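Q: Residue numbers (our numbering): 11 to 78. Backbone N, C-alpha and C define an ideal beta-carbon position, used for all residues, glycine too. Here the structure is a predicted model, which is why all the values come from computation and not from measurement. Take a look at this one; I'll ask things after.
This is the structure:
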């Protein structure tokens, strides 16, 4: 796997864990780390993290395609 795919998979896992925390506890780890924001609040840092996780998810699809 290329290094970009590995980084993308790691970011996608981080995003999945964050969504798990949101679903189970309504607690957003990214918002907390990004300035102790309340659930649903965003700033520049958190918005960047969310966009990077979304891009990572798309890139991870290519890694899945290589495994099949």
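Taking the continuous alpha helix (DSSP H) assigned at residue 74, which residues delimit it?
A: Looking at the DSSP string, the run of the alpha helix (DSSP H) that includes residue 74 is 54-77.
Q: Within 10 angstroms of the Cβ of residue 28, are there 16 or more other Cβ atoms? Answer buried if so, exposed if not.
A: Residue 28 comes out buried.
Q: Are the beta-carbon atoms belonging to residue 26 and residue 66 less than 8 Å from one another?
A: No, the Cβ-Cβ distance between residue 26 and residue 66 is not below 8 Å.
Q: In whole angstroms, give me the CA-to-CA distance for residue 24 and residue 78.
A: Distance between the alpha carbons of residue 24 and residue 78: 23 Å.
Q: Going by DSSP, what residue range makes up the alpha helix (DSSP H) through residue 50?
A: Neither: residue 50 is in no alpha helix (DSSP H) and is coded neither H nor E.
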